[in-house]
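Take a look at the structure below.
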Amino acid sequence: MRLTRRDRLFLFAPLALLLAGWLVLPALLGLLATFTTYSPFAIGVHFSGLANYAAVIRDPLFGSAARNVAVFTLVAVPLELVIGFSVAYLLRRPFHGRAALRVLLLLPWLVSPIASGVMWHFLFGSATGVVDFVLGWLGRPDLPSPLGDPRLALPAVIAVEVWRVAPFVTFLLLPSLASIPSERWEEATLSGASWTGRVRHVAIPAVRPLLLTITMLLTGLSLGTFDAVLILTGGGPGPATVTPALYSYNRAFGVNDWPVGATSGWLIAAAVLGAGLIYLRLSRTRFVE
Amino acid sequence: MRLRGVLVAATLLAFLLPLLWTALASLGVLPDNSSRPPSWRGSASLDHFAEVGIAEPAFWNELVTSVLTSACAAAIAVGAGFFAAYGLARAPFRSSRFVTQGFLVLASLPAMAYVIPLSDLMRRVHLLDSFAAVVLSEAAATAPLAVFVLHGAVAQLAPEWEEAAVLDGAGLFRVIGRVILPLVAPSVVATALVLFVLDWNMLLVPLVLTSGEIKTIPLGLSDFFTFERELDWPTAAAALIVSLAPVAALVGLFHRVLGRFSLDLATPA
């Protein structure tokens with residue numbers, strides 16, 4: 001229907017109000033504050049240029065955090081996509097019990113990052129854990145929890161997050177994969193395509209825009225990793241699993257260095273918005289085709 | 001397709017074994033990893049579920065708070081998101097799709113990017129430690145995703161659906177209530193459910209906006225763990241199972257509708 005000005009006001013005002021007050025305004029005020037000495041309980045505020053940014057970038061702990069989150073994103077996102085896609089591909093055709101299986105396979109995503117942290121802390125532990133139970137059956141000696149090992153902590157945190165998020169990717173991909181007409185699979189099979197050929201020429205083209213969208217969401221999620229490490233390792237051992245979000249939180253609320261915390265928080269926003277520009281660019285070229 | 005059966009079983013085992021382990025621990029059935037081969041000890045009982053209330057006396061209150069905040073936040077986000085999605089889908093300008101994708105970028109923005117100034121702003125307007133601040137902040141964090149998904153659902157509908165109603169003299173709200181909403185109801189319900197889960201599991205927003213007055217389940221679970229390290233695993237496991245049960249029940253009940261939560265950008269009809 002043709003919308004009048006008044007209609008449009010009614011339609012957009014609630015969202016505009018919500019986003020302006022509780023997201024955009026705080027974000028912009030925060031951005032302004034990063035160029036000053038502002039802090040909630042400071043007496044005088046004055047312009048400080050890029051001093052906060054220099055302080056963040058010079059901090060070696062932030063350097064470790066940036067490196068960790070880069071590794072986290074570059075490893076976790078592709079793994080989540082590949083595992084999520086593979087499981088969805090496996091379930092693409094209807095069979096008895098598929099509906100129940102879909103619900104069961106979504107369960108890990110329903111566990112909050114905090115709950116998953118508490119859970120895996122005990123599952124990696126030697127007295128109570130699943131890892132040492134399995135190793136015991138295989139006749140291998142117990143392993144100390146990887147969460148305490150500086151080299152294994154980050155991979156362990158990544159593995160836990162992949163366990164939690166890959167099922168969500170499956171959930172998002174399955175309806176589209178399942179709705180590919182069966183003739184398309186048969187055609188591909190008749191023309192002698194192997195299963196890799198079917199994945200590349202039938203499955204992927206059908207979900208390509210969807211994969212791009214999911215990649216954007218997962219990238220934002222990993223760049224902001226906070227609660228997934230908070231309980232599991234708390235950023236340790238040493239700086240092995242600290243992330244920019246954890247760093248920002250500790251700066252702003254832990255040691256009361258508000259300007260540095262707000263600044264490193266804005267650096268996360270900048271990274272996600274940068275990824276967002278690439279996403280918009282890529283999805284635009286798709287329309288032009 | 002025997003290979004597929006094996007693969008499905010292996011997948012199921014990999015994803016569900018950790019949860020099965022937790023469920024067993026909550027019942028008091030624990031592995032004995034010191035014996036060779038490892039064995040099981042303990043007999044099943046529901047005692048640990050009662051201990052949750054002793055270890056964290058506020059736990060049951062937190063459960064109620066979580067239900068209320070998540071339900072209100074999801075309702076507000078889906079409501080505001082739906083109206084805007086409809087407006088975008090029927091907007092005359094061609095770049096409405098581009099705007100919608102901008103909302104997806106906003107949906108990907110981690111809360112940490114802006115919660116530090118947000119908590120300061122809420123303190124200045126005396127909304128810190130209030131139910132309203134937690135609900136509205138959670139709603140604002142998740143509303144962009146609702147806009148993206150619901151735009152896809154509305155854009156799929158042919159404009160002819162509304163034409164007849166408009167010719168009969170129906171105004172905007174009649175068209176939305178009588179024509180559009182019934183058609184996209186499954187997508188709206190699915191979106192509300194997914195947002196409810198996101199709000200249910202959200203830690204950062206309630207963490208920085210309250211000093212313990214409005215305590216949700218993730219907050220409860222986190223200080224369960226940080227302040228009471230000696231806490232035993234079966235009680236923590238019982239708390240985990242209790243906090244997972246409501247969302248798992250919702251997803252089980254509405255699993256048919258959930259398939260309508262689609263991130264596909266619809267090709268306009």
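Just so you know, the sequences run in chain order F and Y. Going left to right, the first sequence walks through residues 1 to 289 as the numbering used here numbers them. Going left to right, the second sequence walks through residues 1 to 269 as the numbering used here numbers them. From the three backbone atoms N, C-alpha and C, an ideal C-beta is built for every residue, glycine too.
Residues bridged to residue i (per DSSP)
i      : result
W40(Y) : P31(Y)
T36(F) : F47(F)
Beta-carbon separation (whole angstroms), residue i vs residue j, contact threshold 8 Å
i       : j       : result
F15(Y)  : W163(F) : 7 Å
F124(F) : P31(Y)  : With 8 Å as the limit, F124(F) and P31(Y) do not qualify as a contact, their Cβ atoms being about 13 Å apart.
L292(F) : T233(F) : Any answer about residue 292(F) is impossible in this case: the structure gives chain F only from 1 up to 289.
F12(F)  : G87(Y)  : 5 Å
A85(Y)  : V154(Y) : 6 Å
T11(Y)  : L90(F)  : 7 Å
S248(F) : M112(Y) : 6 Å
T225(F) : V69(F)  : 6 Å
F59(Y)  : G169(Y) : At roughly 55 Å, the Cβ-Cβ gap does not stay under 8 Å, so F59(Y) and G169(Y) are not in contact.
Residue i versus the options, residue with shortest Cα-Cα distance
i       : options                               : result
L107(F) : R58(F), P237(F) and V169(F)           : V169(F)
I76(Y)  : V251(Y), A249(Y), T191(Y) and A236(Y) : T191(Y)
T219(F) : L173(F), T73(F), T4(F) and F35(F)     : T73(F)
W21(Y)  : A237(Y), G5(Y), G53(Y) and A80(Y)     : A237(Y)
L174(F) : A270(F), A88(F), R102(F) and G63(F)   : A88(F)
A143(Y) : P159(Y), V105(Y), V179(Y) and A158(Y) : V105(Y)
V272(F) : P182(Y), S108(Y) and V184(Y)          : S108(Y)
A240(F) : L81(F), V157(F) and D142(F)           : V157(F)
A23(Y)  : N68(F), H46(F) and V111(F)            : V111(F)
P234(Y) : L12(Y), L7(Y) and L19(Y)              : L19(Y)
S187(Y) : F261(Y), L68(Y) and F173(Y)           : F261(Y)
T189(F) : I278(F), H201(F) and P144(F)          : H201(F)
F103(Y) : L3(Y), F148(Y), V64(Y) and L17(Y)     : F148(Y)
T243(F) : D59(F), L223(F) and R2(F)             : L223(F)
L76(F)  : Y247(F), V207(F) and V160(F)          : The residue asked about is misnamed: residue 76(F) is Ala in this sequence, not Leu. Closest option to A76(F), Cα to Cα, is V160(F).
T100(Y) : G152(Y), V78(Y) and P117(Y)           : G152(Y)
I116(Y) : V24(F), P209(F) and L282(F)           : V24(F)
V189(Y) : A140(Y), S34(Y) and L253(Y)           : L253(Y)
W258(F) : D7(F), A27(F), L32(F) and P40(F)      : P40(F)
R102(F) : L263(Y), D264(Y) and H255(Y)          : H255(Y)
L172(F) : L263(Y), S45(Y) and R2(Y)             : L263(Y)
F35(F)  : G254(F), R184(F) and T263(F)          : T263(F)
L9(F)   : I54(Y), E56(Y) and F83(Y)             : F83(Y)
Contact list for residue i against chain F, beta-carbon separation under 9 Å
i       : result
N33(Y)  : S126, A127, T128, G129, D132, F133, L135, G136 and D142
S187(Y) : In chain order: nothing, as chain F lies at least about 12 Å away.
Residues that residue i contacts on chain F, provided the C-beta gap is smaller than 8 Å
i       : result
A140(Y) : L18, L19, G21, W22 and L23
V8(Y)   : L90, L91 and L101
T11(Y)  : V87, L90 and L105
H48(Y)  : Those do not exist, as H48(Y) stays about 13 Å from chain F at its closest Cβ, beyond 8 Å.
E162(Y) : M1
Q156(Y) : Ordered by position in chain F, no residue passes the 8 Å Cβ test against Q156(Y), which lies about 13 Å from the chain.
L136(Y) : L18, G21 and W22
Residues that residue i contacts on chain Y, provided the C-beta gap is smaller than 7 Å
i       : result
S291(F) : No answer is possible for residue 291(F): it lies beyond the span of chain F, which begins at 1 and ends at 289.
G220(F) : S108, L109 and P110
V118(F) : L221, F225, A236 and L240
P26(F)  : Y114, P117, L118 and L121
L152(F) : Correct list: empty, because the minimum Cβ distance to chain Y is about 18 Å.
L110(F) : V197, L244, V247, A248 and V251
P155(F) : Result: empty, since nearest Cβ-Cβ is about 17 Å, beyond 7 Å.
T213(F) : L104 and L263
I278(F) : Near I278(F) there are no residues of chain Y at all, since even the closest Cβ is about 10 Å away, more than 7 Å.
S283(F) : Q101
Listed by chain order, chain Y residues near residue i by CB distance under 9 Å
i       : result
R8(F)   : G87 and A91
P40(F)  : S119, D120, R123 and R124
S182(F) : Result: empty, since nearest Cβ-Cβ is about 15 Å, beyond 9 Å.
I158(F) : None at all; the shortest Cβ gap to chain Y is about 15 Å.
Neighbour list for residue i in chain F, Cβ cutoff strictly below 7 Å
i       : result
H255(Y) : A99, R102 and V103
W233(Y) : F122 and T128
G259(Y) : P175
Practice task
Using a Cβ-Cβ cut-off of less than 9 Å, list which residues of the region 120–135 of chain F approach chain Y; keep chain order.
Solution key: W120, H121, F122, L123, G125, S126, A127, T128, G129, V130, D132, F133, V134 and L135
Practice task
Residues of the region 69–86 of chain Y with a CB closer than 8 Å to any CB of chain F: list them in chain order, please.
Solution key: I76, A77, G79, A80, G81, F83, A84 and Y86
Exercise for the section: Please name the residues in the region 70–87 of chain F whose beta-carbon is closer than 8 Å to at least one beta-carbon of chain Y, in chain order. Expected result: V87
Practice task
Determine which residues of the region 226–241 of chain F have a Cβ less than 9 Å from any Cβ of chain Y, and write them out in chain order.
Solution key: F226, D227, L230, I231 and G234
Problem - Members of the region 45–66 of chain F near chain Y, C-beta cut-off 7 Å - result: none
Exercise for the section: Could you name the residues of the region 112–123 of chain Y whose beta carbon sits closer than 9 Å to any beta carbon of chain F, in the order they occur along the chain? Expected result: M112, A113, Y114, V115, I116, P117, L118, S119, D120, L121, M122 and R123
Problem - Residues in the region 246–272 of chain F having any Cβ partner in chain Y nearer than 8 Å - result: S248, Y249, A252, F253, W258, G261, A262, G265, W266, I268, A269 and V272
Handout entry: Contact list for the region 15–29 of chain Y against chain F, Cβ threshold 8 Å
Key = F15, L16, L17, P18, L19, W21, T22 and A25
Handout entry: Under 9 Å (Cβ pairs) to chain Y, residues found in the region 184–203 of chain F
Key = none
Practice task
Check distances from the C-beta atoms of the region 196–210 of chain Y to those of chain F and list, in chain order, the residues that come in under 9 Å.
Solution key: V197, W200, N201, M202, L203, L204, L207 and V208
Exercise for the section: Return the residues of the region 162–186 of chain Y that lie within a Cβ-Cβ distance of less than 7 Å from chain F, sorted by chain order. Expected result: E162, V166, L172 and V175
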